[in-house]
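Taking it in order: structure first as structure tokens, then the write-up.
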Amino acid sequence: MSVSLTDRPFEPGALVTAFCAGREETGAVATFVGLARAEKGRATVLELEAYPGFTEAAIGEIVDAAMRRFGLQDVVIVHRVGRIAPGEAIVFVATAAGHRREAFEACDFLMDYLKSRAPFWKKEHGPGGVRWIEPTDRDRTDATRWDQE
Amino acid sequence: MSVSLTDRPFEPGALVTAFCAGREETGAVATFVGLARAEKGRATVLELEAYPGFTEAAIGEIVDAAMRRFGLQDVVIVHRVGRIAPGEAIVFVATAAGHRREAFEACDFLMDYLKSRAPFWKKEHGPGGVRWIEPTDRDRTDATRWDQE
Amino acid sequence: MARVLLFGRLADQAGWRDRRIEADDLAGLRAALAAADPELGEALAGPGVQVAVDKVLVRGEAVLTAGAEVAFLPPMSGG
Amino acid sequence: MARVLLFGRLADQAGWRDRRIEADDLAGLRAALAAADPELGEALAGPGVQVAVDKVLVRGEAVLTAGAEVAFLPPMSGG
Numbered sequence: 008m009s010v011s012l013t014d015r016p017f018e019p020g021a022l023v024t025a026f027c028a029g030r031e032e033t034g035a036v037a038t039f040v041g042l043a044r045a046e047k048g049r050a051t052v053l054e055l056e057a058y059p060g061f062t063e064a065a066i067g068e069i070v071d072a073a074m075r076r077f078g079l080q081d082v083v084i085v086h087r088v089g090r091i092a093p094g095e096a097i098v099f100v101a102t103a104a105g106h107r108r109e110a111f112e113a114c115d116f117l118m119d120y121l122k123s124r125a126p127f128w129k130k131e132h133g134p135g136g137v138r139w140i141e142p143t144d145r146d147r148t149d150a151t152r153w154d155q156e
Numbered sequence: 008m009s010v011s012l013t014d015r016p017f018e019p020g021a022l023v024t025a026f027c028a029g030r031e032e033t034g035a036v037a038t039f040v041g042l043a044r045a046e047k048g049r050a051t052v053l054e055l056e057a058y059p060g061f062t063e064a065a066i067g068e069i070v071d072a073a074m075r076r077f078g079l080q081d082v083v084i085v086h087r088v089g090r091i092a093p094g095e096a097i098v099f100v101a102t103a104a105g106h107r108r109e110a111f112e113a114c115d116f117l118m119d120y121l122k123s124r125a126p127f128w129k130k131e132h133g134p135g136g137v138r139w140i141e142p143t144d145r146d147r148t149d150a151t152r153w154d155q156e
Numbered sequence: 120m121a122r123v124l125l126f127g128r129l130a131d132q133a134g135w136r137d138r139r140i141e142a143d144d145l146a147g148l149r150a151a152l153a154a155a156d157p158e159l160g161e162a163l164a165g166p167g168v169q170v171a172v173d174k175v176l177v178r179g180e181a182v183l184t185a186g187a188e189v190a191f192l193p194p195m196s197g198g
Numbered sequence: 120m121a122r123v124l125l126f127g128r129l130a131d132q133a134g135w136r137d138r139r140i141e142a143d144d145l146a147g148l149r150a151a152l153a154a155a156d157p158e159l160g161e162a163l164a165g166p167g168v169q170v171a172v173d174k175v176l177v178r179g180e181a182v183l184t185a186g187a188e189v190a191f192l193p194p195m196s197g198g
């Protein structure tokens, strides 16, 4: 299991290659890559702030919960911080399980957490200036799906 | 959109890199990699047969349905055929959408179809001999989730 | 001459997977196959076996043009 | 001396993000911050602002040891 932050662009494909290597009892690897959207020119740069140490620890707790809840074999999360250009990867999540249902659900669960509750602060720099972004209603609703079960 | 079969080992990470490249309006890429399990020595080699032309066309129809149903921007499916060793990738599915819910659900939908209804015939070569594999009850149940909606 | 393709356990059972057989329609083709190998004839008519003519699934009867490709598909196992 | 860290819009508002301030407990620290910048003092007490001491979230009051790290966290936006 690994959770890391990086302020440099990263290559999701290379992470997939490393994550899939040498797995003889993993039937299923689900991954998610979140990319920065240009929003047709409305957003030019996304700026993400984390609290180093605190942010990884908070994500690590959720990963531990997901490992137990979904019986996962492994999880890797890489999250970009700093200034992110359109088309660049913001977040990468990979989950490994014996079967696909657990891998999919855990990846979905982790992304819902990361998008709504993880300790990041997000700013959008666009032609109209700068604005701080808060989770959308849909992000909040998606995250509560897992509370009700 | 692309659907292809290959009788050679393929590298899912390289497919992710190509799939994510140059996307300025894609917020979400969900991927799934199905790997051959060793089943603790019970399965040594998996052998998959397709009907070239027919199999890609049948998968392509489901991809078209998924593109419309989930409003996808793009889909790539690569499916291995022939003899597959434990740890090797059997199937790769990638979906691109503006937002993550659509990308996840479409990837899940496509995998349920591929695992239960796609035109493949699957043989397991193990120490106890050879057996043809049919979809499990869970595969069938998973696939019908999408019919009821 | 139709080109007949067998897949999965049907090919294992027959001992072949690609053969040319003279037939004007599906019924004639099934009869020719059953005459040469009665067990195979029975398996081809078994539950869950689908037939594709020129890569399109057909139900029931079908006329076979010269060079038609007829595939017998046992229950698909998924990938 | 506590090390005070501000994140997100709180740092933008204050014009700083990392500063050392003398205080024995959280209440004293809040008072010192409000005395220097009343608007910031109000924002730090606003809805949804959480406090972490040495990277652990605390609710209510907390004693600050020498060299404690106090972070004020506005509502988290997710990644």
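Here the protein sequences line up with chains A, B, C and D, keeping their order.
With positions in the first sequence counted from 1, the corresponding number in my numbering is that position plus 7.
With positions in the second sequence counted from 1, the corresponding number in my numbering is that position plus 7.
With positions in the third sequence counted from 1, the corresponding number in my numbering is that position plus 119.
With positions in the fourth sequence counted from 1, the corresponding number in my numbering is that position plus 119.
For glycine and all other residues, C-beta sits at the position ideal for the given N, C-alpha and C.
Exercise. Could you tell me whether any non-hydrogen atom of the ligand COA is closer than 7 Å to the CB of M195 (chain C)?
Key: Absence of the ligand COA from the depicted structure is noted, as is the absence of any ligand whatsoever, leaving it without description.
Self-check item: Per DSSP, cross-strand counterpart(s) of G133 (chain B)
Solution: Within the second sequence, numbered from 1, the residue matching residue 133 (chain B) stands at position 126. Residue pairing from DSSP places G133 (chain B) in a beta bridge opposite B:G136.
Quiz item: What's the C-alpha gap between A181 (chain D) and A146 (chain D)?
Solution: Within the fourth sequence, the letter at position 62 stands for residue 181 (chain D). Within the fourth sequence, the letter at position 27 stands for residue 146 (chain D). Cα to Cα, the separation comes out at about 8 Å.
Quiz item: Is M120 (chain D) buried or exposed, if buried means 16 or more other CB atoms sit within 10 Å of its CB?
Solution: Translated into the one-based positions of the fourth sequence, residue 120 (chain D) becomes position 1. Taking all protein chains shown into account, M120 (chain D) has fewer than 16 neighbouring C-beta atoms within 10 Å of its C-beta and is therefore exposed.
Practice problem: Counting only runs of 4+ residues fully inside the stretch 25-86 of chain A, write out the alpha helix (DSSP H) ranges in chain order. | Solution: Within the stretch 25-86 of chain A, the runs of alpha helix (DSSP H) that reach at least 4 residues and sit entirely inside it are, in chain order, 61-77.
Quiz item: For a contact meaning CB atoms closer than 9 Å, what does R107 (chain B) contact in chain A?
Solution: Taking the second sequence and counting its residues from 1, one reaches residue 107 (chain B) at position 100. Residues of chain A passing the Cβ test: F39, G41, D115, M118, D119, K122 and D149.
Self-check item: Close-in-space but distant-in-sequence residues of the same chain around E54 (chain B) (CB under 6 Å, 5 per side omitted)
Solution: Reading the second sequence from its first residue, position 47 is the one you call residue 54 (chain B). Counting only Cβ-Cβ distances below 6 Å, and skipping sequence neighbours, we find R90 and K130.
Self-check item: DSSP bridge partner residues for D144 (chain C) (one or two, in chain order)
Solution: Here residue 144 (chain C) corresponds to residue number 25 of the third sequence, with the count starting at 1. C:V182, per the DSSP bridge assignment.
Self-check item: Residue(s) in a DSSP beta bridge with G89 (chain A)
Solution: Within the first sequence, the letter at position 82 stands for residue 89 (chain A). G89 (chain A) pairs with A:L55.
Self-check item: chain A residues whose Cβ lies nearer than 7 Å to that of G134 (chain D)
Solution: Here the question's residue 134 (chain D) lines up with position 15 in the fourth sequence. Contact annotation for G134 (chain D) against chain A: no contact, minimum CB-CB distance about 15 Å [criterion: below 7 Å].
Quiz prompt | Which listed residue (D:A133, D:R136 and D:P193) has its alpha carbon closest to that of V170 (chain D) | solution = On the fourth sequence, position 51 is the one that residue 170 (chain D) refers to. When only C-alpha atoms are compared, the closest one is D:P193.
Practice problem: Using the DSSP secondary-structure output, state which residues sit across from D137 (chain C) in a beta bridge. | Solution: Mapped onto the third sequence, residue 137 (chain C) falls at position 18. DSSP lists C:L124 as partners of D137 (chain C).
Quiz prompt | P93 (chain B) versus A21 (chain A): straight-line alpha-carbon distance, rounded | solution = For this step, residue 93 (chain B) is matched to residue 86 along the second sequence. For this step, residue 21 (chain A) is matched to residue 14 along the first sequence. Using only the alpha carbons, I get a separation of about 21 Å.
Practice problem: Determine the DSSP secondary structure at A96 (chain A), reduced to helix, strand or coil. | Solution: As a first step, residue 96 (chain A) is located in the first sequence; it is residue number 89 there, counting from the start. A96 (chain A) falls in the strand class under three-state DSSP.
Practice problem: Under 8 Å Cβ to Cβ from F116 (chain B), same chain only, skipping five residues before and after it: list those, please. | Solution: Working through the second sequence from its first residue, we reach residue 116 (chain B) at position 109. Around F116 (chain B): A73, R76, F77 and W153.
Quiz item: When the cut-off is 8 Å and only beta carbons count, does F127 (chain A) lie next to chain B?
Solution: Working through the first sequence from its first residue, we reach residue 127 (chain A) at position 120. No - not a single Cβ of chain B is within 8 Å of the one on F127 (chain A).
Quiz item: With respect to the alpha helix (DSSP H) encompassing A164 (chain C), which residues constitute its N-terminal and C-terminal limits?
Solution: Taking the third sequence and counting its residues from 1, the one referred to as residue 164 (chain C) is at position 45. Looking at the DSSP string, A164 (chain C) is not in any alpha helix (DSSP H), and its letter there is neither H nor E.
Practice problem: Consider the Cβ of A171 (chain D): report whether some Cβ of chain A lies at a distance smaller than 8 Å. | Solution: Position 52 of the fourth sequence, counted from the first residue, corresponds to residue 171 (chain D). So yes, A171 (chain D) belongs to the interface.
Quiz item: Just by C-beta distance, which residues in the stretch 80-114 of chain B are closer than 7 Å to chain C?
Solution: Listed in sequence order: H86, I97 and V98.
Practice problem: Count the other CB atoms, across all protein chains shown, that sit within 10 Å of the CB of V175 (chain C); report buried if there are 16 or more and exposed otherwise. | Solution: Counted from its first residue, the third sequence places residue 175 (chain C) at position 56. Per the 10 Å Cβ criterion, exposed.
Quiz item: Going by other Cβ atoms of all chains shown within 10 Å of its Cβ, with 16 needed for buried, is V243 (chain C) buried or exposed?
Solution: Examination of residue 243 (chain C) is not possible in this model, given that chain C is present from 120 through 198 alone.
Self-check item: Under 8 Å between C-beta atoms of V172 (chain C) and A187 (chain C)
Solution: As a position in the third sequence, residue 172 (chain C) is number 53, starting the count at 1. As a position in the third sequence, residue 187 (chain C) is number 68, starting the count at 1. Yes, the Cβ-Cβ distance between V172 (chain C) and A187 (chain C) is below 8 Å.
Quiz item: By Cβ distance, which residues of its chain are closer than 6 Å to F126 (chain D), with the 5 residues on each side in sequence left out?
Solution: Here residue 126 (chain D) corresponds to residue number 7 of the fourth sequence, with the count starting at 1. By the criterion of a C-beta distance shorter than 6 Å, F126 (chain D) is surrounded in its chain by L192, once the five residues flanking it on both sides are discounted.
Quiz item: Comparing the C-beta of A64 (chain B) with each C-beta of chain C, is any distance below 8 Å?
Solution: Numbered from 1 along the second sequence, position 57 holds the residue referred to as residue 64 (chain B). Yes, A64 (chain B) counts as interfacial toward chain C.
Quiz item: Hey, G105 (chain A) and E31 (chain A) are a contact pair by Cβ (cut 8 Å); roughly how many whole angstroms apart?
Solution: The residue you call residue 105 (chain A) lines up with position 98 of the first sequence. The residue you call residue 31 (chain A) lines up with position 24 of the first sequence. Actually they do not touch by this definition, with Cβ atoms about 11 Å apart.
Quiz item: chain D beta carbons: is any one of them nearer than 8 Å to that of F17 (chain A)?
Solution: Taking the first residue of the first sequence as 1, we reach residue 17 (chain A) at position 10. It does not; no Cβ of chain D falls within 8 Å.
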